[in-house]
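My numbering applies: residue -13 is where the sequence shown begins, and numbers increase by one. Just so it is clear, CB atoms sit at the ideal spot from N, CA and C, and this is done for glycine as well. Shown next, in structure tokens, is the structure this report addresses.
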Amino acid sequence: MANGVDKASFLSGASGAFIENLHARFKENPQAVDFGWQQFFAELGDEAEAVEAEARGPSWGRQGLFALEDGELPARAAATGLEGRAATLDSIRAIMMVRVYRVRGHLIADLDPLGLEAREYHPELDYRNYGFTEADLDRPIFIDYVLGLETATLREIVEILRRTYCGTVGYEFMHIQDPDQKSWIQMRIENQEYQANFTSEGKHKILRQMTVAEGFERFLHLKYPGTKRFGLDGSESLIPALEAIIRRGSQLGVVDIELGMPHRGRLNVLASIMHKSYTAMFSEFEGVPANPDDVQGSGDVKYHLGTSSDRESDGAPVHLSLSPNPSHLEAVDPVVLGKTRAKQGQLADDERRQVMSVLMHGDAAFAGQGLVAECFGLSQLHGYRTGGTIHIIVNNQIGFTTAPQYSRSSPYPSDVAKMVQAPILHVNGDDPESVVHVARIATEFRQEFGEDVVIDMFCYRRHGHNEGDEPAFTQPIMYRKIAQHPSSRQIYARRLAEEGSIPEAQSEAMVKEYHDHLQQEFDAAKSYKPNKADWLEGRWTGFTAAHGEIRRGRTDVGKNALATVGKALTQVPEDFNLHRTVRRLLKTKRENLESGSGIDWSTGEALAFGNLLMEGVPVRLSGQDSGRGTFSQRHAVLTDQTNEQKYVPLNHIAPRQAKFEVIDSMLSEAAVLGFEYGYTLAEPQALVLWEAQFGDFANGAQVIIDQFLASGETKWLRMSGLVMLLPHGQEGQGPEHSSARLERYLQICAEDNMQVANCTTPASYFHILRRQIHRDFRKPLILMTPKSLLRHRQAVSPLSDFGLGSSFHRVLWDGSPDLKADAKIRRVVLCSGKVYYDLYAEREARGIDNVYIFRLEQLYPFPDKALTEELARFPKASVVWCQEEPQNMGAWNFVDRRIEAVLAGIKHAAGRPIYAGRPEMSAPAPGTIKLHNQQQQSLVDAALVI
Ligand SMILES: Cc1ncc(C[n+]2csc(CCOP(=O)(O)OP(=O)(O)O)c2C)c(N)n1
-13 MANGVDKASF LSGASGAFIE NLHARFKENP QAVDFGWQQF FAELGDEAEA VEAEARGPSW
47 GRQGLFALED GELPARAAAT GLEGRAATLD SIRAIMMVRV YRVRGHLIAD LDPLGLEARE
107 YHPELDYRNY GFTEADLDRP IFIDYVLGLE TATLREIVEI LRRTYCGTVG YEFMHIQDPD
167 QKSWIQMRIE NQEYQANFTS EGKHKILRQM TVAEGFERFL HLKYPGTKRF GLDGSESLIP
227 ALEAIIRRGS QLGVVDIELG MPHRGRLNVL ASIMHKSYTA MFSEFEGVPA NPDDVQGSGD
287 VKYHLGTSSD RESDGAPVHL SLSPNPSHLE AVDPVVLGKT RAKQGQLADD ERRQVMSVLM
347 HGDAAFAGQG LVAECFGLSQ LHGYRTGGTI HIIVNNQIGF TTAPQYSRSS PYPSDVAKMV
407 QAPILHVNGD DPESVVHVAR IATEFRQEFG EDVVIDMFCY RRHGHNEGDE PAFTQPIMYR
467 KIAQHPSSRQ IYARRLAEEG SIPEAQSEAM VKEYHDHLQQ EFDAAKSYKP NKADWLEGRW
527 TGFTAAHGEI RRGRTDVGKN ALATVGKALT QVPEDFNLHR TVRRLLKTKR ENLESGSGID
587 WSTGEALAFG NLLMEGVPVR LSGQDSGRGT FSQRHAVLTD QTNEQKYVPL NHIAPRQAKF
647 EVIDSMLSEA AVLGFEYGYT LAEPQALVLW EAQFGDFANG AQVIIDQFLA SGETKWLRMS
707 GLVMLLPHGQ EGQGPEHSSA RLERYLQICA EDNMQVANCT TPASYFHILR RQIHRDFRKP
767 LILMTPKSLL RHRQAVSPLS DFGLGSSFHR VLWDGSPDLK ADAKIRRVVL CSGKVYYDLY
827 AEREARGIDN VYIFRLEQLY PFPDKALTEE LARFPKASVV WCQEEPQNMG AWNFVDRRIE
887 AVLAGIKHAA GRPIYAGRPE MSAPAPGTIK LHNQQQQSLV DAALVI
């Protein structure tokens, strides 16, 4: 600040005492002043003493100011010359200090229940830093209603600031650029009307909640010592915080809260907030599975399970849903957001005030997991916004054994939330009233502004990471402190007794009463049997677990419906100024639809979407650049070339159609895929698709694929009909634009968990998409999608393949009319995806007529029945599996033994398939087109040459 300062003019101002004081501090310790001032004084060198004297100014000036009586200041300040200027400066300096308290007060707030770090002093929060001295403490200063007062003594100002900004709540909100939001928060903090004043009934409620939270953990500790429960011990105030959010939310119109949380305190939340029965929970501790025996699935550990509950808050119904989650910290966040968005759609909650997400986090995970930032990134985007999430960080100041200084580079775990300028409310977990207070502010903020807000609850973890873990191996000092530290409930109960609100005997009776209740439930748990699994309810009523072999569903569509959609696809409003290439594309599309031939991939897709929309099924497609399509193929959103207005043909088919949403997503894979997966959990009646830019990038979302899509149904009895569109194929584009890693998906296929397909025709694609909806169960569909085939002359379908009587086929026959009779076929080539067209072209070029090519349109569930029938036609032919992927990738390792089993089943002479494909490779594709072409040529050669 002092850099470049004109010394003369500066010193002639009335900032003398300020500079004097600063210089004195500089002399004592140069580091104690701002860097700019350090430079300033250093530059002055010997002159400094003289400057100080000059800065002190004429003695009469200061005396005059000190001589003021209370209340005289403003008038005198205005009326006088130098005195007025000095008084004004006092005001400015005091107001500067107020401002700095707003910015930095949290740095010395009493946040840590353990008091591990000395946080009492911060130089910028010292009044001396503003040119005041002790002698000024009782001098009145005109502060012009800042802090609600016209005039106050310095002592009063400091007291108010300390109380407001450095108590058991530390506020971070000055980074917010929106003036309305900032002043709203400031008002909630500074205005006396909004302070946390609890009635005796309110205090009683909080104590009761703390008693339940603590009592539950203690009871489990007693009955199941050393069993993992990831207890809430040390962070019990989470429970009153959640209760406050539910109550205040309900008062402000919330009817549904979607919750997500990690392991810590989950059982407590299940019991205390979700009201899961104690008997059910105790019986799970005894090892009884959570679901009845007749329900399939491998289940999950108890601290991952979710549940939903219908509660009442002051007579108003509130639905709560806690999502099940994997161990992977923060992975559930986008899933919860997607669920919230879907539910908002169902309630037509366009304002997003009725359905709200609440996400709980550990401090280490919040700071460390990139998904948190990705979710903040989604929070205000048009396709993904959910009206603001309340985040609660259960900041127990440790992550497993890792101390905060090793877990993050930022001062607080919450700093990542500043990327969206969320207000951050740090609070001491040992002060449950403050916790409830900030929970209310957070809820009100969310309802008022529809944006994210963070509660960072400082607390501690009484035991090890889990209850069998010894924390003193790594944090002996912290744990010595914790051992001596009374529980949050004890501290609160003592405080209430001291202030005369609730006598000690009463709070002790509360503890005993709750313990006795748990004991009764514990006794009842011995005979408890789960009788009903909580799935296929609500929106899922009428669905059933997948069964049987025939699963085509009715996917065909009548001529008229096809024509109606086709017309809408190729029409734009008269005055809409299309790009000429797009105009040409639409023209060709129209001609093809009219002639009933040459339907390409994107038209097949649009026909699938459009007909679903006409049937009342919403379609939601999100992915990077999905509106236009990565390969300029989709053009689902048309752009007027003069004014950039958008037109979405699929939303103009018929007046009563469902809505088509196509969203160009944020450049994230994990959060967006997680979001869409969450959407499907809440909305089985919509077709939801996520599209990777190239299939290669989907591995950025591997956690969502492994932990949710592949295993969600077996672990948690949660079905999903999500479609993943993954552009895939060897086309010489190098290692990162060639492979969707088909092998990865096939490797995690088991127990009928999902479907993996690689379609070769637009009609096949059309039917497989529609099949997602026209069945009474849901399974994720992993679909390899084409790139060059989007424009391949042969990769087209006649309109009749979409019409009545048509359906999806897991195995497609050879398309050539020029082949020899079955008995003369010497080789059968099995393949999947784009390589079919390479094989076909080469076979034609070479005039080969005794090689038959089958396409496996679906790889899982494996079409063994269809293959059995088809391969039996060629009992003497050799059988080849041809793929363009390297041998250690693609479908080979998956189909190899399955084809062998089919061959064995029909006693086929071939015995087992021969491999024709790329050799094993570490990167999925070569980097040069030359090598690509060589490899492609030789694999096609190997497949065709007998
Ligand atoms: C993605 C991921 N990586 C690692 C782990 C292993 N792990 C489980 S809990 C934990 C520490 C979490 O610390 P924090 O987020 O502060 O929560 P706390 O357990 O302290 O409540 C770790 C590293 C995990 N579950 N998920």
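Contact under 8 Å by Cβ, residue i with residue j
| i | j | result |
| --- | --- | --- |
| M83 | Y116 | yes |
| S221 | N382 | yes |
| V821 | V837 | no |
| G819 | N874 | no |
| A747 | A726 | For the record, residue 747 in the displayed sequence is Thr; it is not Ala. In this structure, A726 does not lie closer than 8 Å to T747 by Cβ. |
| G292 | P310 | yes |
| A425 | V439 | no |
| V321 | D242 | no |
| T589 | K573 | no |
| Y87 | L123 | no |
| G1005 | A678 | Since the displayed the chain opens at -13 and closes at 932, residue 1005 lies outside it and no answer follows. |
| S793 | R538 | yes |
| H471 | L100 | yes |
Outcome for residue i when other beta-carbon atoms lying within 10 angstroms are tallied against a minimum of 16
| i | result |
| --- | --- |
| T185 | exposed |
| Q741 | buried |
| P418 | buried |
| H249 | buried |
| P165 | exposed |
| E560 | exposed |
| F459 | exposed |
| D927 | exposed |
| R215 | buried |
| K545 | exposed |
| I378 | buried |
| Y392 | exposed |
| S706 | buried |
| N597 | buried |
| M405 | exposed |
| R233 | buried |
| N517 | exposed |
| V287 | exposed |
| R756 | buried |
| I536 | exposed |
| N879 | exposed |
Identity of the residues DSSP links to residue i by a beta bridge
| i | result |
| --- | --- |
| D650 | G609 |
| Y838 | V814 |
| K953 | Residue 953 is absent from the model: the chain starts at -13 and stops at 932. |
| V866 | V815 and I900 |
| G486 | DSSP lists no partner for G486. |
| N744 | M770 |
| Q24 | Looking at the DSSP assignment, Q24 forms no beta bridge with any residue, so it has no partner. |
Integer Cβ distance of residue i from residue j, believed to fall under 8 Å
| i | j | result |
| --- | --- | --- |
| T326 | E244 | 5 Å |
| L825 | L930 | 7 Å |
| H501 | G217 | Rounded, the Cβ-Cβ distance is 16 Å, inconsistent with contact. |
| V866 | A902 | 5 Å |
Between the stretch 846 to 856 and the stretch 792 to 808, do three or more beta carbon pairs fall short of 8 Å? The stretch 846 to 856 makes contact with the stretch 792 to 808; the number of CB pairs closer than 8 Å reaches 3 or more.
Could you tell me whether the stretch 618 to 633 touches the stretch 651 to 669, using the rule of 3 or more Cβ pairs below 8 Å? Too few Cβ pairs lie closer than 8 Å, so no.
For the structure I just gave you, are there three or more beta carbon pairs, one from the stretch 602 to 611 and one from the stretch 645 to 659, closer than 8 Å? These segments touch.
Check whether the stretch 224 to 238 and the stretch 297 to 309 touch, using three or more Cβ-Cβ pairs below 8 Å as the test. The stretch 224 to 238 makes contact with the stretch 297 to 309: 3 or more CB pairs, one atom from each, lie closer than 8 Å.
Stretch-stretch touch, CB-based, cutoff 8 Å, three pairs: the stretch 73 to 82 with the stretch 118 to 138: With a cut-off of 8 Å, the stretch 118 to 138 and the stretch 73 to 82 count as touching, because enough Cβ pairs lie within range.
Assess, as a yes-or-no matter, whether the stretch 118 to 125 is touched by the stretch 152 to 172 under the definition of 3 or more beta carbon pairs within less than 8 Å. Note that the stretch 152 to 172 does not touch the stretch 118 to 125; fewer than 3 beta-carbon pairs, one per stretch, sit closer than 8 Å.
Inter-stretch contact at 8 Å, needing at least 3 Cβ pairs: the stretch 632 to 644 / the stretch 496 to 504: At 8 Å Cβ cutoff, the stretches do not touch.
Is the stretch 750 to 758 touching the stretch 689 to 696, taking contact as three or more C-beta pairs under 8 Å? Flag = no, the stretch 750 to 758 and the stretch 689 to 696 do not touch.
Does the stretch 713 to 733 come close enough to the stretch 896 to 913 that 3 or more CB-CB pairs lie under 8 Å? Yes, since at least three Cβ pairs between the stretch 896 to 913 and the stretch 713 to 733 fall closer than 8 Å, the two stretches touch.
With a threshold of 8 Å, are at least 3 pairs of Cβ atoms found where one atom belongs to the stretch 189 to 208 and the other to the stretch 481 to 492? These segments touch.
May I ask you to verify whether the stretch 356 to 375 touches the stretch 395 to 413, counting CB pairs closer than 8 Å and requiring at least 3? Touching, yes.
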